[in-house]
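Engineer: Below are the structure tokens for one structure; questions will follow.
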């Protein structure tokens, strides 16, 4: 009970009070913070890479087939022979059927024959997720030092807000 019978706010703690953790040196606290951020980064990076592999990579591969189909740099051969084809009617689909054909095996080989693209994506996702976790943990540590209680529900809201600000807003 505070002065005049008022109880302190439930989401505020005195800055010096840390009864749930006990005495922990600053280096131990930093070591635990980095360890937890790396674990969270690995978990989030694995999930992100899996989702990208399922949803994004097929779109990239399809775009690369269109890029590799036009390797002449857009130059048009003005002196071609009209004897072999007709401009009267287009096949079903409204485009030249041979223009959209691609070799699926070539696209797969270029994409990930040795797994390097997926591995590099995984590493980048893990590093960025771990960095985001460290930034989030630092913000929560500052809030806690100011006397705010950070529970799992509030931490989840912080994480979702940070994800929205970093990934969705740009």
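Numbering (this note's numbering), first residue to last: 11 to 180.
We put the CB at the ideal spot given by N, CA and C, even for glycine.
1) Hey, residue 144 and residue 169: beta-carbon distance below 9 Å or not?
2) Out of curiosity, what's the CA-to-CA distance linking residue 149 and residue 72?
3) Roughly how many angstroms separate the alpha carbons of residue 37 and residue 70, rounded to a whole number?
4) How do the segment 130–142 and the segment 43–63 stand: do at least 3 beta-carbon pairs fall below 8 Å, yes or no?
5) Quick check on residue 142: buried or exposed, where buried means 16 or more other Cβ atoms within 10 Å of its Cβ?
6) Rounded to whole angstroms, what's the CA-CA distance from residue 48 to residue 42? Just pull it up for me.
7) Going by the CB atoms, is the gap between residue 132 and residue 59 shorter than 9 Å?
8) Cα separation between residue 35 and residue 45?
9) At the level of alpha carbons, what is the spacing between residue 160 and residue 68?
10) Hey, how far is the Cα of residue 163 from the Cα of residue 153?
11) Mind checking residue 51: buried by the 16 CB within 10 Å criterion, or exposed?
Structural biologist: Looking at the coordinates:
1) Reading the chain shown from its first residue, position 134 is the one you call residue 144. Reading the chain shown from its first residue, position 159 is the one you call residue 169. Cβ atoms of residue 144 and residue 169: not closer than 9 Å.
2) The residue labelled residue 149 in the question sits at position 139 within the chain shown. The residue labelled residue 72 in the question sits at position 62 within the chain shown. Whole-angstrom Cα-Cα distance: 41 Å.
3) Position 27 of the chain shown, counted from the first residue, corresponds to residue 37. Position 60 of the chain shown, counted from the first residue, corresponds to residue 70. Approximately 44 Å, taken between the alpha carbons.
4) The segment 130–142 is in contact with the segment 43–63.
5) As a first step, residue 142 is located in the chain shown; it is residue number 132 there, counting from the start. Per the 10 Å Cβ criterion, buried.
6) In the chain shown, counting from the first residue as 1, residue 48 sits at position 38. In the chain shown, counting from the first residue as 1, residue 42 sits at position 32. Looking at the two C-alpha atoms, the distance is approximately 10 Å.
7) Here residue 59 refers to the residue found at position 49 of the chain shown. Here residue 132 refers to the residue found at position 122 of the chain shown. One thing to note: residue 59 has its Cβ within 9 Å of the Cβ of residue 132.
8) Stepping through the chain shown from its first residue, residue 35 is reached at position 25. Stepping through the chain shown from its first residue, residue 45 is reached at position 35. One C-alpha to the other measures close to 15 Å.
9) Within the chain shown, residue 160 is the residue found at index 150, counting from 1. Within the chain shown, residue 68 is the residue found at index 58, counting from 1. When the Cα atoms are used, residue 160 and residue 68 turn out to be separated by approximately 40 Å.
10) Working through the chain shown from its first residue, we reach residue 163 at position 153. Working through the chain shown from its first residue, we reach residue 153 at position 143. Each residue's Cα considered, the two are about 15 Å apart.
11) If you number the chain shown from 1, residue 51 lands on position 41. With 16 or more other Cβ atoms from the protein chains shown falling within 10 Å of its own Cβ, residue 51 counts as buried.
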